[in-house]
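J.:
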Amino acid sequence: MANDHRRMFEPRAIKLFMFALVLIVNQATMAQTMNNEETVDEIGVILDLRTRVGKEIKTSMEMAIRDLQDSRHSRVVLMHLRDSHGDPVEAASTAVDLINNQSVKAIVGLQTRDEAAFVDQLATMAQVPVLSFSRPYPPCTTCHSTPTFLIHMAYNDSLQMRALAAIISSHQWKLVNVIHDEADSTTGIFPFLNEALLSVGAKIEQRSVLPTRASLHDMTGTVRKDLQRLRATQSRVFVVHITSMDLANLLLVEAKRMGMMNNECVWLITDPLTALLDSMDSASISLMQGVIGVKTSFIHKTHETREFFLRFRQQFLSEYPEEERANPSIYALHAYDLIMVLAQSMKSVGAKRENNSIITWVQSHNATKRAWDLRVSLDGPQLIKEITSNVSRGFSGDINFANKELHSSIVQIINVVGQGYRDIGFWSPETGFSRDEKASEGKSTSINNTPSPLIFPGGPSVTFPKGWVVPSDGKKMRIGVPLKTGFKEFVEVKHNKTLNTTEFRGFCIDVFYRVLDILPYELRYEFIPYVGSYNDLVYEVNQKRFDAIVGDVTILANRSQYVDFSHPFAESGFSLLVTINDENSHSAWMFMMPFTMGMWLVTGALFIYTSIVVWCLEHKNNPDFGGSLWDQIGTVLWFTFSTLFFSHRENVKGSLSRMVIAIWLFVVLILTSSYTASLTNTLTIKRLDPTDTSIESLLRNKSTVGCQHTSFMVKYLEEVLGFDPVNIKKITSADELSEALSNGTITAAFIELPYIKVFLSQKKCKGFTINEPTYRVGGVGFVFPLGSPLTSDVSKAILKIKEHGEMLYLERKWLFSTECSKVLTDVKDDDDSLSLDSFWGLFLITSGTTTLVLLLFFLNLLHGYRHLENVEDGGGRAKSMQAFMVALYKYWDEPQIQTLDMRIEMENNGEHSNESSISKT
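Mapping of the sequence shown onto mature numbering (1 follows the signal peptide of the UniProt record, and there is no 0): residues -31 to -1, 1 to 890, in sequence order.
Here it is in structure tokens:
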């Protein structure tokens, strides 16, 4: 029984032992497998291996993985390479296979935006980071922000578009044609470039979108057709943003064949092409002679990069011996640096996982199994965090994935010349154009400050291309000309029935003809009459129904928002035109107006004072001033009055009298000359009645005012000055304006200055005048579409016309031959009369001199009287004051001859008395 039981137990024990042994071995194998899995980091690489960029990236990544192995990196990086052939759908299906079947921790490559966008949607669901070499899309401010696992190993296009705009602005090019592939048809560079160009006053005239998935044979006709369309435009500045080197070669071959690579054209290329210049073959380089490029990523030549270049060339030529040039582009350097950053980030995440024993993958569970069901990586969020926080420096420069893309602060400018390209300089928003990468001097806005001169297509030239030409499509410029009913001196449109032609003449037309003579090229055009308001005509240019306007169009701020104006060729502004109310010519006392009342009173007082002084001086010695009292008064007044006309006949004998008369005659000369000039001015210059001629009084009295019916003045009067529309009368011609002002239909008219001058010249400055103040506006100029390159050339021609004096000749020929003086109405009549303020110095001199002479005469008279008194009285008794004054008057009133006789007689009597006394003794 026991033996039977033993026989039954032994087979069971053996089975249990064998099961335990198998279990132990299986666990050991699983542990070893898990250990192997933890030390290997698998990545998926999706490239278009037909392209040069794809080949360079593949070679560079293999070199990086090999360098990691040689450096005994603690973890093995295993690369699963797939070829997408540039197809986004194939790239997406390949990504599903890599995630589910290869359990890759990251997907690298994806050279186009479409591929990156497709794969990103899948990788985000699987939480697998995607590192793409495509350029990031512009940020969408209106889009809903969704989490993404996509990182761009590239710079966005904003900085290089701003650099292009700076180059365009430096040469004052205003119109640009853009050529790009369909990958950038809706987003891409277009928002960046459009914004940058608008900031410097330029704009995109036309753009060409080229398909990328068609064969080059099929593309030839499309490229040729688009180039023909662009050649028909004005702009000769072409911005090329193409990612395919083969497509770029086709484009340049066709452009050269069509004569679009000459010295009139400017070709600018962006980073997708400039990044490949180092690896382009000689045929491609020869097509790009004179092309200017911008590079956001450029290679810094160091010892390490030179070694990398040598190793890369050896391996690349061994794999692709058909390639002519083996130099790596910036894409190869980016690929090498990306593998290094990714390996370091995966190592960091692996170390954290091993410490925490985290499961790396979870299979998504669905009721129905689908081909696109993805395994979810639990390492993905941590891995993308490690990558974006990594800051390092590699062969391609500084690596910093802030905002999940590379960032650059400076752009290199290059010029394709000879067998390669040469560095022109650098540009950054902070320093502008500079000679070296680390420039810190003041900002420069001119690329001409860089050391190397630019060479454009067509070879070296002493002048830069102007960037535009007259369209070569055979079309003429459609130039609108306003059809005017009045003031035809500016623009007149006449239909010649005999010849069945339309003739255009006038001041504006002649100025335009003179501009055409100065322009260094022929401008094909046709004048088209336009019936309507000036605002509507300007709007027609904005809507591209007209290419320009030649006429008397006023430059206004609101119009400048949607059209460009040339330099003004005529001043502009507006004033009040009023009639002259000549009240002074009918005034009975107009002859009193030259002097103020105070001036008349002082002049009269001085007249009487001088008369009295002359009479005092001449009365004793000059018989002409003797006689009865009334005779003496009449003589004095007549003598002084006759001096006003220098016609006095009385002789002046005394020296003191001559001094007084000489100064008085000088005063008379000044006063009569001033009086004559002032009276002449009063009679010849008409004065305005200030009633109803100020804006305030016109508004207060609700007066009717006039303005031109096609002018901006109608709206200005209503909205700015506040006139009621019912009080505004629209004037259509100069004759209607004259009649309305003369018969009182309107009190005043708001007319622009050029028209006022023409009107006054026609009226010979009679009956009408300008009432200040003058309201200034921008002037009168020609109109062109926004950004038109013609604006600058026409403005320069107008300045030359003005500087050479030709504009004045045209103005005198057409507008006015007589300059009318302006009349101020805000001054009183007395303000034009001469006052004491102008003559007080003269009056002070004559009155002071006359008074001094009178004083000297009185002293001399007193001295003579004293002498006579001493002779008569012998120094006898004193007299009272009254007796003294009476005696003094009698002495003055006696004629000089009688006084001398008395003095002689007295002296003789004195001698006889002395002789008698001597004889007695």
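We put the beta carbon where it would ideally sit given N, CA and C, even for glycine. All of these numbers come straight from a predicted model, not from anything done at the bench.
Does the segment 294 to 314 touch the segment 356 to 372, meaning 3 or more C-beta pairs lie closer than 8 Å?
T.: yes
J.: What is the C-beta distance between Leu352 and Ser298, in whole angstroms, given that I count them as a contact (C-beta under 8 Å)?
T.: The count along the sequence shown starts at 1 and reaches residue 352 at position 383. The count along the sequence shown starts at 1 and reaches residue 298 at position 329. No, Leu352 and Ser298 are not in contact; Cβ-Cβ is about 28 Å, not under 8 Å.
J.: Between the Cα of Gln258 and the Cα atoms of Gln38, Ile416, Cys234, which residue gives the shortest distance?
T.: Looking up residue 258 in the sequence shown gives position 289. Ranking the options by Cα distance to Gln258, first place goes to Cys234.
J.: Tell me where the beta strand (DSSP E) around Asp150 begins and ends.
T.: Position 181 of the sequence shown, counted from the first residue, corresponds to residue 150. Residues 144 to 150.
J.: Quick check: what's the CA-CA separation for Met229 versus Thr191?
T.: Position 260 of the sequence shown, counted from the start, is the residue given in the question as residue 229. Position 222 of the sequence shown, counted from the start, is the residue given in the question as residue 191. Straight-line Cα distance between these residues: approximately 16 Å.
J.: Hey, quick one: how far does the beta strand (DSSP E) through Cys234 stretch, first residue to last?
T.: For the purposes of this step, residue 234 is identified with residue 265 of the sequence shown, where counting begins at 1. That residue, Cys234, is in no beta strand (DSSP E); it is neither H nor E in DSSP.
J.: Taking DSSP as the reference, what is the three-state secondary structure of Trp558?
T.: Locating residue 558 in the sequence shown gives position 589, counting from the first residue. Coil.
J.: The beta strand (DSSP E) spanning Thr523 covers which residue range?
T.: On the sequence shown, residue 523 is found 554 positions in, with the first residue counted as 1. It spans 517 to 523 - the beta strand (DSSP E) in which Thr523 sits, taken as one unbroken run.
J.: Which residue wins for smallest C-alpha separation from Leu133, given the options Ala165, Pro105, Asn125?
T.: The residue you call residue 133 lines up with position 164 of the sequence shown. Here the closest residue by C-alpha is Ala165.
J.: DSSP three-state call for Asn125: helix, strand or coil?
T.: Translated into positions along the sequence shown, residue 125 becomes position 156. If DSSP states are grouped into helix, strand and coil, Asn125 belongs with coil.
J.: Drop a sphere of 10 angstroms on the beta-carbon of Tyr305, count the other beta-carbons inside from all chains shown, and report buried for 16 or more, exposed for fewer.
T.: In the sequence shown, counting from the first residue as 1, residue 305 sits at position 336. Tyr305 is buried by the Cβ-count criterion.
J.: Please report the straight-line C-alpha distance between Glu687 and Leu525, rounded to a whole angstrom.
T.: On the sequence shown, residue 687 is found 718 positions in, with the first residue counted as 1. On the sequence shown, residue 525 is found 556 positions in, with the first residue counted as 1. The alpha-carbon of Glu687 is positioned some 17 Å away from that of Leu525.
J.: Take Gln71 as the anchor and find which of Val97, Gly78, Leu286 has the nearest alpha-carbon.
T.: Along the sequence shown, read from residue 1 onward, the residue named residue 71 stands at position 102. Looking at the Cα atoms, Val97 is the closest of the given residues.
J.: For Gly542, tell me which candidate among Lys771, Ile725, Ser730 has the shortest Cα-Cα distance.
T.: Numbered from its first residue, the sequence shown carries residue 542 at position 573. Per the Cα distances, Ile725.
J.: Since Asp704 is in the alpha helix (DSSP H), which residue starts that stretch and which ends it?
T.: Walking along the sequence shown from the start, residue 704 turns up at place 735. For Asp704, the enclosing alpha helix (DSSP H) covers residues 703 to 711.
J.: Mind the definition here: the segment 808 to 821 touches the segment 516 to 524 only if three or more C-beta pairs lie below 8 Å; say whether that holds.
T.: no
J.: Which residue wins for smallest C-alpha separation from His121, given the options Arg131, Ile137, Arg104, Ala135?
T.: Residue 121 sits at position 152 when you count from the first residue of the sequence shown. Of the listed residues, the one whose Cα sits closest to His121 is Arg104.
J.: Here's the rule I'm using: 16 or more other beta-carbon atoms within 10 Å means buried, otherwise exposed. How should Asn146 be labelled?
T.: Stepping through the sequence shown from its first residue, residue 146 is reached at position 177. Label assigned to Asn146: buried.
J.: I want to know whether the segment 281 to 298 touches the segment 249 to 264 - three or more CB-CB distances under 8 Å.
T.: Short answer: they touch.
J.: Going by alpha carbons, who is nearest to residue 892 out of Gly319, Asp17, Asn527?
T.: Absent from the structure is residue 892, since the part of the chain shown begins at -31 and ends at 890.
J.: According to DSSP, is Glu665 helix, strand or coil?
T.: For the purposes of this step, residue 665 is identified with residue 696 of the sequence shown, where counting begins at 1. Glu665: helix per DSSP, three-state reduction.
J.: Please list, in chain order, all residues of the same chain as Val169 whose beta carbon is under 8 Å from its beta carbon, the five residues on each side excluded.
T.: As a position in the sequence shown, residue 169 is number 200, starting the count at 1. Taking C-beta separations shorter than 8 Å and ignoring five residues to either side along the sequence, the partners of Val169 in its chain run Ala134, Ala135, Ile137, Ser138, following chain order.
J.: My guess is that Ala709 and Gly675 are in contact by the Cβ rule of under 8 Å, so how many angstroms apart are they, rounded?
T.: Residue 709 sits at position 740 when you count from the first residue of the sequence shown. Residue 675 sits at position 706 when you count from the first residue of the sequence shown. Going by Cβ atoms, the distance from Ala709 to Gly675 rounds to 6 Å, so yes, they are a contact pair.
J.: Please state whether the Cβ-Cβ distance between Phe395 and Leu784 is less than 8 Å.
T.: The residue given as residue 395 occupies position 426 in the sequence shown. The residue given as residue 784 occupies position 815 in the sequence shown. In this structure, the beta-carbon distance from Phe395 to Leu784 does not fall below 8 Å.
J.: What whole-angstrom Cβ distance do Leu47 and Ala64 have, given they're in contact under 8 Å?
T.: In the sequence shown, residue 47 corresponds to position 78, counting from 1. In the sequence shown, residue 64 corresponds to position 95, counting from 1. That pair is no contact at about 17 Å.
J.: I need the straight-line Cα distance from Asp187 to Gly449, nearest angstrom please.
T.: To locate residue 187, count along the sequence shown from 1; it is residue 218. To locate residue 449, count along the sequence shown from 1; it is residue 480. Approximately 43 Å, taken between the alpha carbons.
J.: Do you know offhand how far Phe277's Cα is from Arg528's?
T.: Counting from one through the sequence shown, the residue named residue 277 turns up at place 308. Counting from one through the sequence shown, the residue named residue 528 turns up at place 559. Answer to the nearest angstrom: the Cα atoms are 60 Å apart.
J.: For Ala60 and Ser378, I'd like the C-alpha separation in whole angstroms.
T.: As a first step, residue 60 is located in the sequence shown; it is residue number 91 there, counting from the start. As a first step, residue 378 is located in the sequence shown; it is residue number 409 there, counting from the start. Within the model, the alpha-carbon separation for Ala60 versus Ser378 is close to 33 Å.
J.: If contacts are defined as beta-carbon pairs under 8 Å, then Ala717 and Leu545 qualify, I think. What distance do you get, rounded to the angstrom?
T.: Your numbering for residue 717 matches position 748 in the sequence shown. Your numbering for residue 545 matches position 576 in the sequence shown. With a Cβ gap of about 5 Å, Ala717 and Leu545 count as contacting.
J.: Give every residue of the same chain whose Cβ lies closer than 8 Å to the Cβ of His49, excluding the five residues on either side of it in the sequence, and list them in chain order.
T.: On the sequence shown, residue 49 is found 80 positions in, with the first residue counted as 1. Closer than 8 Å at Cβ, skipping near neighbours: Glu11, Ile12, Gly13, Val14, Leu67, Gln71, Val73.
J.: Specify, as a first and last residue, the run of the alpha helix (DSSP H) that Gly23 falls within.
T.: One-based indexing of the sequence shown puts residue 23 at position 54. Counting along the chain, Gly23 sits inside the alpha helix (DSSP H) bounded by residues 21 to 39.
J.: Lys698 and Thr738 - do their beta-carbons sit closer together than 8 Å?
T.: By one-based count along the sequence shown, residue 738 stands at place 769. By one-based count along the sequence shown, residue 698 stands at place 729. No, they are not a contact pair.
J.: Taking C-alpha atoms, which residue in Ser761, Ser29, Ile26 lies nearest to Val752?
T.: Within the sequence shown, the letter at position 783 stands for residue 752. Val752 has its Cα closest to that of Ser761, out of Ser761, Ser29, Ile26.
J.: Do you know offhand how far Phe826's Cα is from Leu625's?
T.: As a first step, residue 826 is located in the sequence shown; it is residue number 857 there, counting from the start. As a first step, residue 625 is located in the sequence shown; it is residue number 656 there, counting from the start. C-alpha separation (whole angstroms): 8 Å.
J.: Taking the runs of the alpha helix (DSSP H) that are 4 residues or longer, which of them lie wholly in the segment 474 to 507?
T.: 476 to 487
J.: On the criterion of 16 or more Cβ atoms from any shown chain inside 10 Å, does Ile577 qualify as buried, or is it exposed?
T.: Numbered from 1 along the sequence shown, position 608 holds the residue referred to as residue 577. Result: exposed.
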